[in-house]
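Read through the structure below, which is laid out as structure tokens, and then see the notes.
Here's what the structure looks like:
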């Protein structure tokens, strides 16, 4: 079954089963178009509602995959069909497995030097059939950006995996889309820190229960104030439900 795109609070989301994700991913890779895969949390949904550029970025993305349990509950509250929730790092492992099976290529962009090199080493060890075409650290000076874009264009990787240190995050490849002839981009802030074992990944058990946010609050207690935008999210859901605002 192919993906189905819906709009949730005006923000696009894709319905695609776990079983079909690999085929859908390789279909995008083989299309050789310039696009990206976006993971979206509840905070990204709220950001897209107030940021037209980010909303357009998601609309043009090849895949928009929800990561927050709050999104799934909100979809259910508004009577949408069931939507699969994706653990970002586990999904990246799955997609790299697809690249490995197809002897495809990868470019790594982001992270500090040692973190990036360790990540590359571990990726090559786990996925020996992936061709790593190049890498470049994050937190680079703006003067280096032209060289980075040129390197990616010359190597034409099947996927560019971006991590921390990339200004604009999801918007980096969106803003530079016209500078690439082709290419698929995927941004996940913690990707290289997890690959290099500098950060512990969220276990599937914790993720399935929706408790990953509590771990973030323990690391950064100031995130407890996210309760206020979350209350705003609940009010928006109630508004949509009460007034039966049209959904697609």
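In our numbering, the protein residues as written are 18 to 265. Cβ atoms here follow ideal geometry from the backbone N, Cα and C, with glycine treated the same way. No experiment lies behind these values; they were computed from the predicted model shown.
Would you grab the beta carbon distance between residue i and residue j for me? Rounded to a whole angstrom, and I think it's under 8 Å.
i, j, result
"residue 127", "residue 25", "Incorrect: roughly 28 Å between the Cβ atoms, too far for contact."
"residue 52", "residue 101", "That belief does not hold up - the Cβ atoms of residue 52 and residue 101 are roughly 20 Å apart, past 8 Å."
"residue 154", "residue 192", "20 Å between Cβ atoms; not a contact."
"residue 80", "residue 54", "4 Å"
"residue 134", "residue 257", "That pair is no contact at about 47 Å."
If you compare alpha carbons, which of the options is closest to residue i?
i, options, result
"residue 124", "195, 82, 113", "113"
"residue 203", "180, 214, 223", "180"
"residue 225", "89, 34, 76", "89"
"residue 132", "213, 148, 166, 198", "213"
"residue 64", "254, 255, 257, 246", "246"
"residue 44", "244, 207, 252, 200", "200"
"residue 46", "251, 78, 158", "78"
"residue 76", "243, 195, 27", "27"
"residue 74", "118, 189, 255", "189"
"residue 220", "103, 238, 135, 194", "103"
"residue 252", "67, 91, 50", "91"
"residue 36", "111, 67, 68, 50", "111"
"residue 118", "143, 137, 99, 262", "143"
"residue 182", "60, 141, 159", "159"
With a threshold of 16 other CB atoms inside 10 Å of the CB of residue i, please say whether the residue is buried or exposed.
i, result
"residue 249", "exposed"
"residue 40", "exposed"
"residue 222", "exposed"
"residue 42", "buried"
"residue 156", "exposed"
"residue 48", "exposed"
"residue 71", "buried"
"residue 259", "exposed"
"residue 83", "buried"
"residue 217", "exposed"
"residue 267", "The displayed coordinates of the chain run from 18 to 265. Any statement about residue 267 would go beyond what the structure contains."
"residue 255", "exposed"
"residue 87", "buried"
"residue 244", "exposed"
"residue 93", "exposed"
"residue 136", "buried"
When DSSP builds the beta bridges, which residues end up paired with residue i?
i, result
"residue 24", "29"
"residue 52", "201"
"residue 112", "For residue 112, which the question treats as bridged, DSSP gives no partner whatsoever."
"residue 153", "126"
"residue 148", "122"
"residue 80", "54"
"residue 177", "124, 202"
Can you list, in chain order, the residues of its chain whose CB lies under 8 Å from that of residue i, leaving out five sequence neighbours each side?
i, result
"residue 151", "124, 125, 168, 169, 172, 174"
"residue 122", "116, 147, 148, 149, 150, 172, 173, 174, 175, 176"
"residue 205", "56, 105, 106, 109, 178, 179, 180"
"residue 196", "166, 170"
"residue 141", "147, 149"
Can you give me the Cβ contacts of residue i inside the same chain, cut-off strictly under 6 Å, excluding the 5 residues immediately before and after it?
i, result
"residue 21", "32"
"residue 120", "146"
"residue 139", "212"
"residue 58", "84, 85"
"residue 207", "216"
"residue 194", "51"
Using a Cβ-Cβ cutoff of less than 7 Å, which residues in the same chain neighbour residue i once the five nearest sequence positions on both sides are dropped?
i, result
"residue 215", "132"
"residue 23", "30, 32, 97, 265"
"residue 67", "none"
"residue 38", "111"
"residue 69", "none"
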